[in-house]
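For what it's worth, the UniProt record's numbering labels the leading residue of the sequence shown as 3, then goes sequentially. Here the structure comes first, spelled out in structure tokens, and everything after it is commentary.
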Amino acid sequence: RKLNENDVPEVISEDTVKKQASAKAAFGNFGIDSRLLQAVNREKFSAPTPVQTKTIPLVLGGKDVLARSKTGSGKTLAYILPILHSILQRKASYTSNKSTSVLILVPTKELATQVTSALRSFTTFCNKDIQSENVTKKEDTAVTRARLAEQPDIVVSTPSRAAQWVNSEALKLEELKHLVIDEADLVLSYGYADDLRSLSAVLPSGFQTTMLSATLRTETDTLTTLFCKNGTPTLVDLSA
Ligand code: ADP
Ligand code: MG
3 RKLNENDVPE VISEDTVKKQ ASAKAAFGNF GIDSRLLQAV NREKFSAPTP
53 VQTKTIPLVL GGKDVLARSK TGSGKTLAYI LPILHSILQR KASYTSNKST
103 SVLILVPTKE LATQVTSALR SFTTFCNKDI QSENVTKKED TAVTRARLAE
153 QPDIVVSTPS RAAQWVNSEA LKLEELKHLV IDEADLVLSY GYADDLRSLS
203 AVLPSGFQTT MLSATLRTET DTLTTLFCKN GTPTLVDLSA
């Protein structure tokens, strides 16, 4: 075909380049369950944050991960999404008895509340397939016991409460597949080391660990030794 004056060379605008770049780092590329993507899309996030981009594929790939990045960088979603995805996959692949497969440890009750509400929000489209319970609430022991007797998929707790519920046999962790320690540096500096040691003694073998922190102090070595395969997690360090 002959060129004519109406032919214009294809010019890729800066805008298109930006759009392509953000499409590259889209949540859809992680391969996570569409029900989770639907919840993410509702948030109108333009792209995953750097700690999410690095951490999500590692957790999906079964690695133990220690991620350091500053406060406000999106660490919650970096572990929530891949963990929720694995729960949905397990539920789709075999008919298992309901069991607590995820334990999320946090340093404070406030954080337990925040994480639980994030879990609830990102599971809105999962048709009540995933149950999350915060066991740090001030309530009658019998009420917490009853909630734990349901074997919620995910339990969110401080280490001391978790150890207490395990000791009283209300919290059963025989089927644990995933342990998360959020704000790992604070968990240690708040003096939970003994509780963590007592928890580590009752955990089954073969679970995966994800630890998140705003700083990396040598203390986190205690945690990696207790909870990571060979004591050495894959590091995601974005604290430059
Ligand atoms: P951190 O645990 O690293 O301190 P959070 O997980 O609490 O950070 O996230 C901080 C805020 O950033 C939250 O309000 C969260 O909704 C928001 N956020 C998370 N991921 C994204 C994203 N990809 N794009 C924009 N905002 C995000
Ligand atoms: Mg956080």
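We put the beta carbon where it would ideally sit given N, CA and C, even for glycine.
Item checked: Residue span of the beta strand (DSSP E) that contains I183, given as start and end -> Mapped onto the sequence shown, residue 183 falls at position 181. Here the beta strand (DSSP E) through I183 covers H180 to I183.
Margin query: Quick check on Q133: buried or exposed, where buried means 16 or more other Cβ atoms within 10 Å of its Cβ?
Written below: Locating residue 133 in the sequence shown gives position 131, where the first residue counts as 1. By the neighbour-count rule (16 or more Cβ atoms within 10 Å), Q133 is buried.
Item checked: Three-state secondary structure assigned by DSSP to A25 -> Start at 1 with the first residue of the sequence shown, and residue 25 comes out as number 23. Confidence at A25 is low in this model, with a pLDDT of 49, below 50, so the placement of that residue is unreliable and no value is reported for it.
Check: If you run the structure through DSSP and keep just helix, strand and coil, what is T126?
Finding: Position 124 of the sequence shown, counted from the first residue, corresponds to residue 126. Helix, per DSSP.
Next item on the list: Determine the contact status of S119 and V137, defining contact as a CB-CB distance below 8 Å.
Entry: If you number the sequence shown from 1, residue 119 lands on position 117. If you number the sequence shown from 1, residue 137 lands on position 135. Result no, Cβ atoms of S119 and V137 do not sit closer than 8 Å.
Notebook entry, point to check: By a C-beta neighbour count over all protein chains shown, 10 Å radius and 16 as the cutoff for buried, is A151 buried or exposed?
Noted result: By one-based count along the sequence shown, residue 151 stands at place 149. A151 should be labelled exposed.
Notebook entry, point to check: Where P59 and C230 are concerned, what is the direct C-alpha to C-alpha distance, given to the nearest angstrom?
Noted result: Within the sequence shown, numbered from 1, the residue matching residue 59 stands at position 57. Within the sequence shown, numbered from 1, the residue matching residue 230 stands at position 228. C-alpha separation (whole angstroms): 18 Å.
Check: For A49, which of helix, strand or coil comes out of DSSP?
Finding: Start at 1 with the first residue of the sequence shown, and residue 49 comes out as number 47. If DSSP states are grouped into helix, strand and coil, A49 belongs with coil.
Checklist line | Between the CA atoms of I34 and A25 - distance to the nearest angstrom | finding: Reading the sequence shown from its first residue, position 23 is the one you call residue 25. Reading the sequence shown from its first residue, position 32 is the one you call residue 34. Its pLDDT being 49, under 50, A25 is placed unreliably in this model, and the value from its coordinates should be taken loosely. Their Cα atoms are separated by approximately 15 Å.
Next item on the list: Kindly identify the DSSP beta-bridge partner or partners of residue 257.
Entry: No answer is possible for residue 257: it lies beyond the span of the chain, which begins at 3 and ends at 242.
Check: In chain order, what residues of the same chain have a beta carbon less than 6 Å from the beta carbon of E135, not counting five sequence neighbours either side?
Finding: Stepping through the sequence shown from its first residue, residue 135 is reached at position 133. Cβ within range, chain order: R149, P154 and V157.
Next item on the list: Please confirm whether any heavy atom of the ligand ADP lies closer than 7 Å to the CB of F47.
Entry: Within the sequence shown, the letter at position 45 stands for residue 47. At least one heavy atom of the ligand ADP is nearer than 7 Å to the Cβ of F47, so yes.
Margin query: If you measure between the beta carbons of A94 and V53, is that distance less than 8 Å?
Written below: Mapped onto the sequence shown, residue 94 falls at position 92. Mapped onto the sequence shown, residue 53 falls at position 51. No, the pair does not count as a contact, with Cβ atoms beyond the cut-off.
Note to self: I need the boundaries of the beta strand (DSSP E) containing S159, first residue and last residue.
What the structure shows: The residue labelled residue 159 in the question sits at position 157 within the sequence shown. From DSSP, the beta strand (DSSP E) with S159 extends over I156 to S159.
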